[in-house]
Amino acid sequence: MDAEVGRLIYSNSLLSQQVGIAVLKIKPVIVLVDRLWELHCLRSLDLQSENGISHVSHYEDCHAALKACVRQHPQWLMDKINNLELNFQFFPELGYLISSLDHPLAVKIWFKNKAMLLEKMPKDRRRSLVYCISRFNDISEINFLTNCLVEKSDYVDGAALAALAKLDPDALLKNIDAGVGFGFVLFCNQWVPDLLHVRPEATRRKLLELAMTDKEKSRILKQALLKYVDEFDIPLLEFFLENFKNKINDNLIDACNGDSMWISVYLSFFNKITKLELLDFMIRYSVVGLEGALVRVAVERIGRFEGGHDYVLEDIRLFLIRLAGYGISELILAELSSDFFRRRYAGLEAAAIGGDVVISVLEKIAGNKVAWSADGTTASEAMRENYHAMVALALLGAREKIIDAIWLSGYPALPIDFMSLLGGARPVPKVMIQRAFEVFANIKNAERGEIVCALAVAWVSADTDFIIPIRNSLKYPELLSVGFVYVCMALQELGDDSDDFMHYANNLLRDEKTRAYGCRALLSIPEKGIKYLMLYLESIPFERWQPFDVEVVRSIFKFERSRDFALRISIKYCLELPDAIFLPLDVVCEDNFPEIRDLIVEIAFRLDYISTSKTMSAIKALVKIAPDRATDAILKHLRKSENSECELCALFVRINPENAVEVFLNLIIDLDRSGAKRENIRAAAGRAIRWLEKDLIDVKLVGFFESSDRKERAIAVDLAGWLPPYRLDAQLEVLIRDENEDLVRGSFFDAMRRRNSEKNLYVLYDDFELAETKMRWALLYTIMQAGDPILLADKNDPLWIGGILGGAPCMYMRYADAEIGRKIKKIP
Numbered sequence: 011m012d013a014e015v016g017r018l019i020y021s022n023s024l025l026s027q028q029v030g031i032a033v034l035k036i037k038p039v040i041v042l043v044d045r046l047w048e049l050h051c052l053r054s055l056d057l058q059s060e061n062g063i064s065h066v067s068h069y070e071d072c073h074a075a076l077k078a079c080v081r082q083h084p085q086w087l088m089d090k091i092n093n094l095e096l097n098f099q100f101f102p103e104l105g106y107l108i109s110s111l112d113h114p115l116a117v118k119i120w121f122k123n124k125a126m127l128l129e130k131m132p133k134d135r136r137r138s139l140v141y142c143i144s145r146f147n148d149i150s151e152i153n154f155l156t157n158c159l160v161e162k163s164d165y166v167d168g169a170a171l172a173a174l175a176k177l178d179p180d181a182l183l184k185n186i187d188a189g190v191g192f193g194f195v196l197f198c199n200q201w202v203p204d205l206l207h208v209r210p211e212a213t214r215r216k217l218l219e220l221a222m223t224d225k226e227k228s229r230i231l232k233q234a235l236l237k238y239v240d241e242f243d244i245p246l247l248e249f250f251l252e253n254f255k256n257k258i259n260d261n262l263i264d265a266c267n268g269d270s271m272w273i274s275v276y277l278s279f280f281n282k283i284t285k286l287e288l289l290d291f292m293i294r295y296s297v298v299g300l301e302g303a304l305v306r307v308a309v310e311r312i313g314r315f316e317g318g319h320d321y322v323l324e325d326i327r328l329f330l331i332r333l334a335g336y337g338i339s340e341l342i343l344a345e346l347s348s349d350f351f352r353r354r355y356a357g358l359e360a361a362a363i364g365g366d367v368v369i370s371v372l373e374k375i376a377g378n379k380v381a382w383s384a385d386g387t388t389a390s391e392a393m394r395e396n397y398h399a400m401v402a403l404a405l406l407g408a409r410e411k412i413i414d415a416i417w418l419s420g421y422p423a424l425p426i427d428f429m430s431l432l433g434g435a436r437p438v439p440k441v442m443i444q445r446a447f448e449v450f451a452n453i454k455n456a457e458r459g460e461i462v463c464a465l466a467v468a469w470v471s472a473d474t475d476f477i478i479p480i481r482n483s484l485k486y487p488e489l490l491s492v493g494f495v496y497v498c499m500a501l502q503e504l505g506d507d508s509d510d511f512m513h514y515a516n517n518l519l520r521d522e523k524t525r526a527y528g529c530r531a532l533l534s535i536p537e538k539g540i541k542y543l544m545l546y547l548e549s550i551p552f553e554r555w556q557p558f559d560v561e562v563v564r565s566i567f568k569f570e571r572s573r574d575f576a577l578r579i580s581i582k583y584c585l586e587l588p589d590a591i592f593l594p595l596d597v598v599c600e601d602n603f604p605e606i607r608d609l610i611v612e613i614a615f616r617l618d619y620i621s622t623s624k625t626m627s628a629i630k631a632l633v634k635i636a637p638d639r640a641t642d643a644i645l646k647h648l649r650k651s652e653n654s655e656c657e658l659c660a661l662f663v664r665i666n667p668e669n670a671v672e673v674f675l676n677l678i679i680d681l682d683r684s685g686a687k688r689e690n691i692r693a694a695a696g697r698a699i700r701w702l703e704k705d706l707i708d709v710k711l712v713g714f715f716e717s718s719d720r721k722e723r724a725i726a727v728d729l730a731g732w733l734p735p736y737r738l739d740a741q742l743e744v745l746i747r748d749e750n751e752d753l754v755r756g757s758f759f760d761a762m763r764r765r766n767s768e769k770n771l772y773v774l775y776d777d778f779e780l781a782e783t784k785m786r787w788a789l790l791y792t793i794m795q796a797g798d799p800i801l802l803a804d805k806n807d808p809l810w811i812g813g814i815l816g817g818a819p820c821m822y823m824r825y826a827d828a829e830i831g832r833k834i835k836k837i838p
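Under this note's numbering, the first residue of the sequence shown carries the number 11, and numbering increases by one thereafter.
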């Protein structure tokens, strides 16, 4: 093996070298360290050359392999430093090796050789020296660091900012003016949190002083502080708001007509505010001069990027929502009043936020005629527009407007959850629905559009007097064919349990286009519908089963009378079509059938399925029949795959709460050392363990806080950041007080930012309960900005968004569900 790796890295092929280097990162070979050093120096030179072919990842991989070898044989590094023949241009690489070396001798190597390194290091490449001074807590070199603040080459200024923030924050505050440049932004995540943690008030005052110095420093500060806006105080926020207001009013015409991406730069800053105190101030400040100017800019931009995405307009929309004022209603009203579909569509998607002032325009849009084409279909744009307008009217409680719009549209597009959007059934005056009764009374002579509208009105009205007229109409299925969806929805909502309705629903099972609605209708009355569903499932070849057919099996499995049937047909389906994407494994695992058990085990351990839901279904089934094997399957997937990490970690904790912390820590460390890029697994593990009992987690994490391995400490701190606020706060503060490793300190500040965000969320939740409609929208959008989407969606977590939205109008929950779903999809 060692010889083969040697052949690879001595090859002249870059690809072969990279393969060998990848192996050495995991399995160091000491005798190859000189060749690694040679390759590393070549990659360093290549990166500095304009015509170099190496990518920065090639340099980083080689450095990682070199570190792994030197960790096992640090004497090589000492010998290399003392090698008088070494070209001084490679001294920076030695500095980086010293600063990143995971070995107890690293600190001795630095102090023994620092004088020579300080003397011989090229003047334009001294960043590695700064890293060493910071890593080894060398406070004797504070003057060297302050002098580095004015050096712009090699990003030394930024590295010095970070080092001083840790070693001597007072010296940094005194000299920080000299360090305002690109490194100021590049290293902001190293120096900003450190300063704010140890000198919060002095840091805010100094930042305000810098911002007020000149426009360029103010611009640089906006970039550097983007992640830390919640750490502002009122004076600092007021300065940036004032700066923005003046700029937009001074350049109003250009902002309306030009590119204006600078507006997004400001708004991306303000839209990150989640602290209620700062949000309240921003709302009060913006009333005069700022909100009106932004409304004018937004209205002027409507439709400018026809068919494209206007980032400036969308940033303004979010800011106006968070201001909870008149501005967002004016913007939505302007969009809804446009003559063009695409311009109206953006307003329709946010129409519920506009409030009562947009209802009349929504009614007009919902009432626009949905034209029928020759093939019996409807125009897609008209249908989409009708759908969103109807939904918005429902969310705003405009039931009577909806009934009027149904007749005007000729073919309304209502979602199947429409009644829940309306807030449930409420009586409607008979005079408003009389026309629908007349259509049913003369259904043979009614046009198909009239029949569809009458069915929709019957559904929305929730008037049980419609049951008999609709039931009588079932004898004319050809007349109801266009509106079969509304037939089902109306009779289900009205509570019809007649045999006529069941026969109608059963007939829908014959057609591919209608059978899903027939299944849903039959399931709504299981006492009568299950017998039809059993016959239906037996009659359809397994090759024609759709995902909803599997869901039907799961549904009828819950009933005693159909349980054996569901189990029998599920076993048969799984054995005949084991490669189907959707299998009812949660049903078949209830049986001890050996072939089924083998199938579940096979699926649970396979890594090559396209469908992650199939794998998770198998693992969950395995939990029921063989928890130990399920544990093995979970760990295999966590090691080898990035799919479903959150679900897998949560499932592991459910099975093995006692050893989850150690297993996750060791797994993450192993993955890290193997070079795998698996950043999301830490978050997945943190979410999973956050509500374990204290005696199962706190003592174990504190034990890892005291580890001599910096990676173990960093990972333990990262996981602790997912615990509820105030858990292990004292222990974390003790750790950071004496912690020199930047890796651990970075994890600490990320953990504290996560905790502070959670504290902000609880304050926002309390305020939401008492707020009026516009302010509720502002708070909800802020919550979506601040909260982890998986925790917001978790009904077992105190942060579950449903906890505050359960008693509120459903428009808030509808938005929250959509936004959480969108954010979860973005999580790799």
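Where a beta carbon is used, it is the ideal one built from N, C-alpha and C, also for glycine.
Under 8 Å between C-beta atoms of residue i and residue j
i    : j    : result
A234 : K227 : no
C79  : L46  : yes
L328 : Y825 : no
G420 : I461 : no
T284 : A796 : yes
A643 : F615 : yes
D708 : R664 : no
I416 : V467 : yes
F350 : G313 : yes
F567 : L577 : yes
Q28  : H68  : yes
Inter-residue CB distance, residue i and residue j (contact presumed, cutoff 8 Å)
i    : j    : result
G335 : V297 : 7 Å
G505 : N516 : That belief does not hold up - the Cβ atoms of G505 and N516 are roughly 19 Å apart, past 8 Å.
L648 : E655 : 7 Å
A781 : L333 : Not quite, the Cβ-Cβ distance comes to about 14 Å (not below 8 Å), so this is no contact.
I699 : I678 : At roughly 12 Å, the Cβ-Cβ gap does not stay under 8 Å, so I699 and I678 are not in contact.
L174 : A181 : 6 Å
Cα-Cα separation, residue i to residue j
i    : j    : result
A695 : D521 : 46 Å
A590 : S684 : 35 Å
I230 : L183 : 17 Å
A381 : A392 : 8 Å
G386 : E488 : The predicted position of G386 is uncertain, since its pLDDT is 47 and thus under 50; a value taken from the coordinates is nonetheless stated next. Between G386 and E488, the C-alpha separation is close to 14 Å.
A660 : I610 : 20 Å
I725 : D705 : 19 Å
A384 : T625 : Legend: pLDDT at A384 = 46, less than 50; position of this residue unreliable, value from coordinates given subsequently. Rounded to whole angstroms, A384 to T625 spans 45 Å at the Cα level.
I342 : V371 : 10 Å
L465 : M292 : 48 Å
Y546 : P594 : 17 Å
L52  : R137 : 19 Å
R747 : L729 : 19 Å
P105 : I119 : Residue 105 is actually Gly in this sequence, not Pro. Their Cα atoms are separated by approximately 10 Å.
I375 : Y355 : 11 Å
E211 : K710 : 35 Å
Terminal residues of the alpha helix (DSSP H) in which residue i lies
i    : result
A884 : Beyond the ends of the chain as shown, which are 11 and 838, falls residue 884; an answer cannot be given.
K379 : Run containing K379: none; DSSP gives neither H nor E here.
F250 : 244–260
N452 : Segment: none, N452 is in no alpha helix (DSSP H) and carries neither H nor E.
L617 : L617 -> no alpha helix (DSSP H), and no H or E assigned at all.
R436 : That residue, R436, is in no alpha helix (DSSP H); it is neither H nor E in DSSP.
V744 : 739–747
W469 : 458–471
Y321 : 321–333
H513 : 509–518
D777 : 752–780
Any chain D beta carbon closer than 8 Å to residue i
i    : result
K624 : Absence of chain D from the displayed structure is noted, only one protein chain being present.
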